[in-house]
Amino acid sequence: MTPQSTFMITATVRVGELKNLRALLASLNQEEIPGHANPENDLIPFGKFDRLHFARFVIIEAKTAHEITAFGVNPRPWRPTLAFLGDIDGDRVSFLTQLAEHAASGLKQIFSYCEDFSEEDSDLLEWMKRHNVNQQANYVNWIGRTVKQIHEEAALHQSLSAYLQQIVDEVGRENIRQLRQKLLSYVEMEKHKGRLTLTPPEPTPAGWKTKNLAHKFGVPLILLLVSPIFLIIAPFFAIRLRMLERSDPELFIRTSREHIKTLTVQEDWDVSNQYSVFGDVKPGLFRLLTFKFIVFLTDYIAKHIYNRGYLTRIKTIHFARWVFVDNNHRVFFASNYDGSHESYMDDFINKVGWGLNLLFSNGVGYPTTTWLIKDGAQREHPFKYTQRRHQLPTEVWYKAYSGLTAVDLARNSRIRQGVENRQWNDAELREWLSLI
Amino acid sequence: MNKTSNFEFDDLQGLLRFGHGKLTDTCFMLLNIADVNAAKQWLSAAPITNASTTDALPDNALQIAFSVEGLRMLKLKESVIEGFSDEFIVGMTGDESRSRRLGDVGDNTPSKWEWGGSETAVPHVLLLLYARQGELDHWRTTVEGEHFATAFHLLSQLPTQSINEIEPFGFVDGISQPTIDWMQKQSTDIHERDRYSNLLAPGEMVLGYPNEYGYYTPRPLIDPQEDRLAAELPDAEDEPRLKDLGRNGTYLVIRQLSQDVPGFWQFLDKEAASDADRREQIAAAMVGRKRNGTPLIEQHIPGVAAEDHGNNFTFDLDPKGNHCPIGAHIRRANPRTGDFPPGVTGLFSRLLKILGFAQAPEEDLIASSRFHRLLRRGRSYGPVLSPKDAVKPDAPAGDRGIQFICLVANISRQFEFVQNAWMVNSKFGGVQNERGPLVGHRKPLIDGQSTDHFNRPDAAGTMRTVCHLPQFVTVRGGGYFFMPGLRALKYIAATPANGRDSAS
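Protein sequences, first through last, are from chains L and F. The working numbering applies: residue 8 is where the first sequence begins, and numbers increase by one. The working numbering applies: residue 4 is where the second sequence begins, and numbers increase by one.
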């Protein structure tokens, strides 16, 4: 199994260069589709990197920085910062090396708009490594599913689906064993002809395996050890939490229509969309520690529990990550999801409002919660306003498998399993045929 | 006032409570305001039908709604207009991103519409007249009165035709409608609404009341201290010091959908190799009902009267769509899902579901229906053409379709969501690249994958696929309107035409 990893290279944009940088980034996009990368663009030919699932360029601007003044705190300064994010198969360093090899001039051109980068003397790879920011929590829809696997399985599905249409009339719908036999021979033949490939998974890197195992058991162990402390502070935590939930100012600020327009113009071209959001952590150590602890737990459960196609009730998120920046005063969140923005948010409110409340209610502008999990997102309009208000347009967005949703990917994997694992009863066989 | 016993039906336009089904003759007028003062005068005296019941069935009805431009023409202050939702203010066609979301692309592109196709082309006023058979002309003369022609410029009169609740393709229409919980007896709490219920909080359809989240949808609230005219408006329940311009009003969404009836039946006839029974079967699978309205699912559910056969079911027992395909029209329009997927019986199973465990891969893909319901009030138009005649190669051409109308309190969460996430979504409920078989456009996905087919899951395993579906329905016009309560209408009519604040 090849585990996934991430990169997020950030650098402050030079004063006065924001407009020029935006223009350059726009040149990476498809002409008629705002914000969507042309996979073959000259600067960074995303499509050539076969380990890259998703990538984006965002200019992180603190457009909502003033909101913290409602807490009697002055906004911290923030300079517009370029962020280049990607979700990849395998480890970060080897991918960045590939990037530096095959897209050096494009990357250098882009980063030259950032401070402390000069095109002549910089070692691009070292510079990127130095400017990489680690996330505090990362969600991967299916750990181990590679871009290569996704493409191979999609091709398998397409090919089987077309062939099944051809043979079903001559063989008969009810003749399921013979249908299977024909389909399987067809796959063998197509493989032989080189039109289909089903590459077996790579061995899991030993280092990753050990680290993952240590994390899986180490974290609960440590939590167990410190649990007496949690018990002692629990009542104080509860009292303080309720005090804050009652006294924190609630911001009911409608998002401007212009802002919404700059966001929606990039949405609903494909079956998936991107989401980037940025905001302040509520002031005070209590909020910060609570936030960090919850994000820490999220990272744990994403790694070890929700790594097989669903995050609690949500099956539409491909990748998501939480990143604390500006010395823990601010948080950046990025996700890639299926469906339109409105349905993404409705899914959230109705299915995992509690989880959303846990994760974001320590951010400035979030609607008031009760006991960290109640209300909050269910306050529909304050919630919808705040999440749009804090959202940032994504300058360039790349998805390696447009037209496919996370549900599609899971289905294609099941079809492939059906091809490779041949021990079935009739019910399983019918189920398999129904997927094609 | 005790809100649980006395709903203010006399302040509500009748259309929110009744479909005026007995009033078979209708005339939908698209108007622009020609003379503001004359228009206001007409409005203040217009015999708008309210929602209170009378002993005898009425002989006629009149309903009215305004576009944002109409409200601006009538000098409603911009600060008040800002209280409406973004969708209403921007309009159905005011933003290409919205058109893309709604599937108004290709042949549905607003620039090709007959009316309402651009921001400036949206009519100011939509006037809906209903009368008993043969009495429409008389009612229209009564309604218009003397100065109507001075006040308004008639842009167009949308055709409608009464064919007994049968839409042009030949199916009984308007069966699935939410029942409004006027008494507000049903809890909106997520812990008490696991299963599908047809009963809906009034705030989903009527502004100024709690919606299914238990909150009030934002709408224009006015401080009576600053605007004396507003004193006559109802109080805002959630902001007692303010007056509520939205209360007892609603948003009205209208879309003229042209239906290619010969195209539909001739395509199915070819698909069925001219076998009439098979033709009907495929058609029923695409709709999710037989032509007489019988659903393809039989299952009793609570909250729906037992004799309401057309609505007495959910899709819970048919998760794979073997009886009613997942992509069928009625399953997309109202998936009849509860807050939880089926199988929640106790605390433990509930916790499992909340955490997403113990789920089949195709389970829980569709949002809870109660947040996405529409109160439909459309009428069809065009000469009747039976399927039997429609399949003939010399089937008479003709302009047929439906004036689709729905009433909602939240255009984006209700109408736009249903249209986008359910109707035209090529991945709805996990379907494989197919859009709504009746109303969807057929544009391929961004990567070129086709969407012009319809799958019928089958208990045998292999799906039955109908390929190369043409587009059967084309959008010809549409717009977002606000249908005010009667006191709000008085306020709108009374706002001074010079636009000055009445308090000064």
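Glycine included, C-beta positions come from ideal geometry on N, C-alpha and C.
Inset, instruction - Taking only beta-carbon positions, decide if Gly206/F is within less than 8 Å of chain L. - result: no
Inset, instruction - Please confirm if Phe420/F has its CB atom under 8 Å from at least one CB of chain L. - result: yes
Legend entry - Ser505/F classed as buried or exposed, judged by whether at least 16 other C-beta atoms fall within 10 angstroms: Low confidence applies here, because Ser505/F scores a pLDDT of 42, under 50, leaving its location unreliable; read the following figure in that light. Looking at its Cβ environment, which holds fewer than 16 other Cβ atoms inside 10 Å, Ser505/F is exposed.
Inset, instruction - Have a look at Asn145/L, His43/L, Phe355/L and Glu252/L and flag the residue whose alpha-carbon is nearest the alpha-carbon of Ile308/L. - result: Asn145/L
Inset, instruction - Over the uninterrupted alpha helix (DSSP H) stretch that includes His222/L, give me the two end residues. - result: Ala213 to Ser254
Legend entry - Which of helix, strand or coil DSSP assigns to Phe300/L: helix
Legend entry - One or two residues paired with Gly464/F in a DSSP bridge: Asp461/F
Inset, instruction - Would you verify that the beta carbon of Leu304/L is, or is not, closer than 8 Å to some beta carbon of chain F? - result: no
Inset, instruction - Could you tell me the boundaries of the alpha helix (DSSP H) in which His332/F lies? - result: His332 to Ala336
Legend entry - Rounded C-alpha distance that separates Gln430/L from Leu354/F: 33 Å
Legend entry - Positions along the segment 330-361 of chain F whose CB lies within less than 8 Å of some CB in chain L: Asp342, Lys356, Ile357, Leu358 and Gly359
Inset, instruction - Determine which residues share a DSSP beta bridge with Trp329/L and list them. - result: Ala144/L and Phe340/L
Inset, instruction - Taking C-beta pairs closer than 7 Å, name the residues in chain L that Ser429/F reaches, listed in chain order. - result: Val278
Inset, instruction - Establish whether the CB of Gln452/F and some CB of chain L are separated by less than 8 Å. - result: yes
Inset, instruction - Give a yes or no on whether 8 Å exceeds the smallest Cβ distance from Asp89/F to chain L. - result: yes
Inset, instruction - Find out if the Cβ-Cβ distance for the pair Asp275/L, Arg416/F is shorter than 8 Å. - result: no
Inset, instruction - Have a look at Arg294/L and Val371/L and give me their C-alpha separation to the nearest angstrom. - result: 10 Å
Legend entry - Distance CB(Gln187/F)-CB(Pro205/F) smaller than 8 Å: yes
Legend entry - chain L contact residues for Gly464/F, given Cβ-Cβ distances below 8 Å: Arg180, Ile183, Leu186, Leu436, Arg437, Glu438, Trp439, Leu440 and Ser441
Inset, instruction - Indicate whether at least one CB of chain L lies closer than 8 Å to the CB of Val125/F. - result: no
Inset, instruction - Kindly indicate if chain L contains any beta-carbon less than 8 Å away from that of Ile449/F. - result: yes
Legend entry - Residue-level contact to chain L via CB, Pro265/F, 8 Å cutoff: no
Inset, instruction - Sort Tyr133/F, Arg196/F, Arg143/F and Ala288/F by Cα distance to Thr348/F and report the nearest one. - result: Arg196/F
Inset, instruction - Select from Asn9/F, Arg20/F and Ala500/F the residue whose C-alpha is nearest the C-alpha of Thr253/F. - result: Arg20/F
Inset, instruction - Pick out whichever of Thr465/F, Phe12/F, Gly451/F and Asp321/F has its Cα sitting closest to the Cα of Val178/L. - result: Thr465/F
Inset, instruction - Give a yes or no on whether the minimum CB-CB distance between Lys268/L and chain F is below 8 Å. - result: yes
Inset, instruction - Please go through the same chain and pick out, in chain order, the residues whose beta-carbon is closer than 8 Å to the beta-carbon of Thr153/F, but skip the five residues on each side of it. - result: Ala37, Asp38 and Ala41
Inset, instruction - Please list the segments of the beta strand (DSSP E) lying wholly inside the segment 395-419 of chain F, counting only runs of 3 or more residues, in order along the chain. - result: 404-411
Inset, instruction - Can you tell me which of Asn357/L, Phe331/L, His311/L and Gln185/L puts its alpha carbon nearest to the alpha carbon of Val147/L? - result: His311/L
Inset, instruction - With 8 Å as the threshold, decide whether the Cβ of Ser350/L is near any Cβ in chain F. - result: yes
Inset, instruction - Have a look at Ala424/F and Arg373/F and give me their C-alpha separation to the nearest angstrom. - result: 15 Å
Inset, instruction - Let me know the beta strand (DSSP E) ranges lying completely inside the segment 241-284 of chain F, each 3 residues or longer, listed in chain order. - result: 253-262
Legend entry - Under 8 Å between C-beta atoms of Leu3/F and Leu132/F: Outside the modelled stretch of chain F, which goes from 4 to 507, sits residue 3/F, for which no answer is possible.
Inset, instruction - Report yes or no: is there a C-beta of chain L within less than 8 Å of the C-beta of Asn111/F? - result: no
Legend entry - Close-in-space but distant-in-sequence residues of the same chain around Glu235/F (CB under 7 Å, 5 per side omitted): Arg490, Lys493 and Tyr494
Legend entry - Environment of Ile236/L [buried if 16+ CB atoms lie within 10 Å]: exposed
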